[in-house]
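See below for the structure under consideration.
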Amino acid sequence: MKFHSTNHRTENVPFSDVLLQGLASDGGLFMPDRIPHLSRKFLRDLHRKTFQQIAYEVSRLYITDIPQAKLKMIIRDAFNFPVPLHRIDDSISVLELFHGPTFAFKDFGARFMARLMGYYLGKQKETLNIIVATSGDTGSAVARGFYGVPHIKVFVLYPRGRVTPIQERQMATLGGNITAIAVQGSFDDCQKLAKAALADPALRKKVLMSSANSINFGRLLPQSFYYLYAYAQFAKRYGTEQAVDMAFCVPSGNFGNLTAGILAQRMGMPVKQFIAATNINDVVPRFLHGAPFVSRVSRKTISNAMDVGNPSNFARLLELFHGKRSVMARTIAGMRVSDADTRSTIARTYREMGYIIDPHTAVGITAACLAKKGTKVIVAGTAHPAKFREVVEPVIKKRVPLPSRLRALARKRPHAIPLPNDLAALRAVILKKNNA
Ligand SMILES: *Cc1c(COP(=O)(O)O)cnc(C)c1O
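The numbering of the sequence shown is numbering that gives the first Met the number 0, which starts it at 0 and goes up by one.
Quick look at the structure:
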């Protein structure tokens with residue numbers, strides 16, 4: 000399988016380079032030259048397959064240069080936690096993607112990518128510097144996913160004061176090959192800085208770098224596995240006909256998760272409808288409703304992992320829909336949800352179902368409730384409520400039970416390097432850590 004850039008000036012790239020480079024040299028995002036189709040037999044038997052079996056059979060369509068036994072081992076090791084589909088009521092189920100080590104769905108991408116990179120780098124014996132911008136969850140998943148992986152140093156850039164205390168501790172208490180950097184600015188500033196560092200000639204001359212944001216296709220691919228898995232669980236519960244007519248609702252920020260869902264659909268998953276749920280950072284829902292696509296400065300909300308004003312995966316979505324808004328809008332319904340509505344959904348879901356949800360999942364559930372009557376919806380449950388207890392507890396007026404791993408973390412002190420929003424300062428940190 001070969002890959003090209005969405006800017007079309009880089010072509011014929013093998014998967015290992017896609018993974019290790021992250022961003023194409025022409026500044027575009029990597030996409031597979033064709034999306035492989037899953038066999039009819041595979042789709043028919045899907046409900047009998049484990050998550051790991053689905054992961055393996057999908058991966059090997061894209062990754063052809065890792066021995067089968069090795070790839071199976073990587074998958075078993077990366078996806079060692081459950082992915083339950085929790086029924087809330089007749090129409091809404093939540094796909095709980097938050098049972099990994101950092102309690103958010105980004106563990107899927109980060110753990111898979113880290114192990115694949117470790118495999119390829121083990122052959123080259125070079126040190127790779129992962130530069131990653133985060134609004135909170137990516138950074139913790141990537142830091143944990145890569146912690147202790149040989150030949151890799153990670154630099155996590157997060158907006159100072161705009162991540163939760165738990166998120167900050169998940170990034171800034173590991174040490175070792177993980178450097179946490181608290182940037183004076185917004186998530187978009189962090190993302191711009193990370194992109195600038197990755198493209199910086201002075202740095203590129205001295206160190207090998209890559210990204211781990213959702214711009215890396217190696218992170219996107221494993222996110223497609225759980226759509227297929229959820230579809231199959233749903234079909235088992237409600238029958239195939241209902242499954243085809245249901246919709247996936249995806250709380251979105253950089254739109255990596257949603258893009259992975261579209262990828263699963265193009266591989267053959269017969270689900271027709273997706274809902275892109277955002278908070279007030281709604282450039283994509285606006286676009287889907289007819290406005291031009293204009294990136295904006297992100298605004299702060301209670302679903303902070305989705306405070307993104309310039310979603311990086313939009314270029315991929317455009318390519319998947321041949322640049323046609325009308326075609327995209329037939330598959331994806333865009334919905335914007337306010338903080339007030341997010342809070343009332345958290346309160347109502349707890350009051351009526353006894354189910355505690357985090358603010359990102361709540362954005363999804365709010366949007367799902369607005370879907371066409373009669374449509375069943377699977378909402379991507381993107382984070383564990385304990386990760387956002389500062390928001391959730393005052394709303395439900397009750398403590399969120401903390402998983403024991405989070406309790407231990409709460410006692411640790413974070414150590415991050417404070418940084419102005421400035422490339423030269425970042426460059427200096429990276430060079431120093433590389434003794435270059
Ligand atoms: C990252 C994140 C999102 C947004 O996912 P994208 O792939 O960036 O659209 C939603 N919820 C949570 C909890 C996240 O961490």
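The beta carbon of each residue, even a glycine, is placed where N, CA and C say it ideally should be. Only a predicted model underlies this, so the values are computations on that prediction, with no experimental measurement involved.
Under 9 Å between C-beta atoms of residue i and residue j
i	j	result
Ser-302	Pro-384	no
Thr-341	Asn-278	yes
Ser-139	Ala-103	yes
Phe-14	Gly-217	yes
Thr-381	Phe-97	yes
Val-282	Phe-313	yes
Pro-413	Arg-161	no
Leu-220	Val-57	yes
Ala-263	Tyr-230	yes
Thr-126	Ala-109	no
Gly-209	Gln-20	Inspection of the sequence shows that residue 209 is occupied by Ser rather than by Gly. Closer than 9 Å, so yes.
Leu-173	Ala-142	yes
Ala-370	Val-376	yes
Gln-436	Leu-418	One cannot answer for residue 436 here, as it falls past the ends of the chain, which runs 0 to 435.
Ala-132	Cys-189	yes
Leu-45	Met-266	no
Simplified DSSP assignment, three categories, for residue i
i	result
Arg-335	strand
Met-245	coil
Ile-73	helix
Ile-87	coil
Asn-303	helix
Val-131	strand
Pro-250	strand
Lys-235	helix
Asp-64	coil
Tyr-354	coil
Thr-348	helix
Arg-342	helix
Val-282	helix
Pro-310	coil
Pro-100	coil
Pro-291	coil
First through last residue of the alpha helix (DSSP H) which encompasses residue i
i	result
Thr-360	358-368
Thr-330	324-330
Thr-178	No alpha helix (DSSP H) contains Thr-178, which is instead part of the beta strand (DSSP E) from 177-182.
Asn-256	255-266
Val-141	136-145
Leu-173	Segment: none, Leu-173 is in no alpha helix (DSSP H) and carries neither H nor E.
Tyr-119	105-123
Arg-388	388-395
Ser-403	403-409
Ala-427	422-432
Pro-399	The question names Pro, yet the displayed sequence has Val at residue 399. Here Val-399 belongs to no alpha helix (DSSP H), and DSSP marks it neither H nor E.
Ala-314	313-319
Residue range of the beta strand (DSSP E) that includes residue i
i	result
Met-30	29-31
Tyr-157	151-158
Ser-4	1-4
Leu-277	Just to set this straight, residue 277 is Thr in the shown sequence, not Leu. Per DSSP, Thr-277 belongs to the beta strand (DSSP E) from 272-277.
Ala-379	376-380
Pro-417	416-418
Ile-91	91-95
Test: residue i CB closer than 9 Å to a CB of chain B
i	result
Ala-382	Absent here is chain B; the protein component of the structure consists of one chain.
Taking contact to mean at least 3 C-beta pairs separated by less than 8 Å, is the segment 242-262 in contact with the segment 195-205? no
Check whether the segment 325-334 touches the segment 269-284, counting contact only when three or more Cβ pairs, one atom from each stretch, lie closer than 8 Å. yes
Take every Cβ of the segment 68-77, pair it with every Cβ of the segment 111-119, and state whether three or more of those distances are shorter than 8 Å. yes
Within the chosen definition, does the segment 402-411 reach the segment 303-310 through at least 3 CB pairs nearer than 8 Å? no
Inter-stretch contact at 8 Å, needing at least 3 Cβ pairs: the segment 19-28 / the segment 183-200: yes
Beta strand (DSSP E) runs wholly inside the segment 180-231, at least 3 long, in chain order: 207-210
Which parts of the segment 4-60 are runs of the beta strand (DSSP E), unbroken and 3 residues or longer, counting only runs that do not cross its ends? 29-31
Indicate whether the contact test is met: 3 or more Cβ pairs, each with one atom in the segment 144-155 and one in the segment 390-406, closer than 8 Å. no
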